[in-house]
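In my numbering, the protein residues as written are 14 to 311.
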């Protein structure tokens, strides 16, 4: 008896690849974690090899799973299109699916998308760099704006490598209230940041505080930990704390915030890149990519 890959199993594989964990995939699909595990196990039986590696940091695809994923995504897309056609739905061009981290969504994406033709449909999803990278691999995003840190390694180790286009490369700055003593300086040494109160947000793994200056030598005084980017800026504007700002966010800062350059070595540089899967872009996605490149040069 021949046993085939099931559509449900392929959907589960895509969601596991996108979320990086069985529990997150289960929440997204409305399944139990054990049901997700069973679906993956069934796929592995059909494939005759392991498709995912389970580790302390989550779930990653094996080389065999990475090879299967693009085909799984195409099969799911074709099945969904067949269901729409059978129901009599008119064929329509799908939207360009764009992902970005929060400061890029505030500072770059609106400017880029505002100049596009109204009939070009674009959907936008916020996420961290690891989550957006997984979504690109899973085929649920067409383009993603990622922030890279020196030495600017690829966002993942999978093959083939994602195609990366640099949008710009600039140093981080510190954001302070207009009435803060540092606001009058314009530029400070790293040592002058010691003793300041910070507002930050935890990384996905809870390992680092995003918002504290990376090169700070002392243990930071973090009194405010928030996830929402706008809330963080309002805390800064009120003079309650200071925070580190990505260059891409500067155009969207609210009134009452001033930026301060930080001197010293090593310089904290961040590179903004537009990432996508290898291969040619269709016309709509190419127009979105061109708009993002143009906006990044303004």
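Backbone N, C-alpha and C define an ideal beta-carbon position, used for all residues, glycine too. Please read these numbers as outputs of a predicted model, since none were measured by experiment.
### Message
Taking the alpha-carbon of residue 142 as reference, which of 285, 257, 93, 235 has the nearest alpha-carbon?
### Response
It is 285.
#### Entry: Within 8 Å, strictly: CB atoms of residue 255 and residue 249
In this structure, residue 249 lies closer than 8 Å to residue 255 by Cβ.
### Message
Relative to the C-alpha of residue 41, which candidate in 29, 272, 253 has its C-alpha closest?
### Response
Nearest Cα to residue 41 within the set 29, 272, 253: 29.
### Message
What residue range does the beta strand (DSSP E) around residue 134 cover?
### Response
No beta strand (DSSP E) holds residue 134; DSSP gives it neither H nor E.
### Query
Run through DSSP, which three-state label would residue 219 get?
The predicted position of residue 219 is uncertain, since its pLDDT is 45 and thus under 50; a value taken from the coordinates is nonetheless stated next. In the structure shown, residue 219 falls within a coil segment according to DSSP collapsed to helix, strand and coil.
### Query
Taking all protein chains shown into account, do 16 or more other C-beta atoms lie within 10 angstroms of the C-beta of residue 136, making it buried, or fewer, making it exposed?
By the C-beta density criterion, residue 136 is exposed, having fewer than 16 other C-beta atoms within 10 angstroms.
#### Entry: Cβ shell of residue 62 (< 6 Å), same chain only, five flanking positions each side left out
Correct list, in chain order: 77.
### Message
What does the Cβ neighbour count give for residue 31, buried or exposed, with the cut at 16 atoms within 10 Å?
### Response
With at least 16 other beta carbons inside 10 angstroms of its own, residue 31 counts as buried.
### Query
So what does DSSP say about residue 35, is it helix, strand or coil?
DSSP, reduced to helix, strand and coil, places residue 35 within a helical segment of the structure shown.
### Option in 229, 258, 153 with minimal Cα separation from residue 246
For residue 246, the nearest C-alpha among the options comes from 258.
### Task
Entirely within the region 215-269 and at least 4 residues each: give me those alpha helix (DSSP H) ranges in chain order.
Within the region 215-269, the complete alpha helix (DSSP H) runs of at least 4 residues fall at 242-250.
### Query
Count the other CB atoms within 10 Å of the CB of residue 17; is the residue buried (16 or more) or exposed (fewer)?
With fewer than 16 Cβ atoms within 10 Å of its Cβ, residue 17 is classed as exposed.
### Query
Based on Cα-Cα distance, which residue from 131, 177, 210 lies nearest to residue 108?
Nearest option by C-alpha distance: 131.
### Query
Which word fits residue 148, buried or exposed, when buried means at least 16 other C-beta atoms lie within 10 angstroms of its C-beta?
Residue 148 counts as buried, since no fewer than 16 other beta carbons sit within 10 angstroms of its beta carbon.
### Task
Evaluate residue 52 with the Cβ neighbour count: other Cβ atoms within 10 Å of its Cβ, from every protein chain shown; 16 or more gives buried, anything less gives exposed.
Counting C-beta atoms within 10 angstroms of its own C-beta, residue 52 has 16 or more neighbours from the protein chains shown and is therefore classed as buried.
### Query
alpha helix (DSSP H) containing residue 278: first to last residue?
Segment: none, residue 278 is in no alpha helix (DSSP H) and carries neither H nor E.
### Message
Please classify residue 4 as buried or exposed, where buried requires at least 16 other C-beta atoms within 10 Å of its C-beta.
### Response
Within the shown structure, residues of the chain are numbered from 14 to 311, placing residue 4 beyond reach of any answer.
### Message
Suppose you measure from the CA of residue 88 to the CA of residue 60; what does that come to, to the nearest Å?
### Response
Rounded to the nearest angstrom, the two C-alpha atoms are 16 Å apart.
### Query
Just how far apart, CA to CA, sit residue 124 and residue 223?
Approximately 25 Å between the Cα atoms of the pair.
#### Entry: Coil, strand or helix - residue 14 by DSSP
The pLDDT assigned to residue 14 is 43, lower than 50, so where the model puts this residue is not dependable, and the model offers no usable value.
### Query
DSSP puts residue 181 in a beta bridge; with which residues?
Residue 181 pairs with 285.
### Task
Quick one: residues in its chain with C-beta nearer than 8 Å to the C-beta of residue 192, no 5 flanking neighbours on either side, listed in chain order?
Short of 8 Å from the beta carbon of residue 192, and not among the five residues preceding or following it, lie these beta carbons of its own chain, in chain order: 252.
### Any non-hydrogen atom of the ligand ATP within 7 Å of residue 247 CB
Ligands are entirely absent from the displayed structure, and the ligand ATP is therefore not among its contents.
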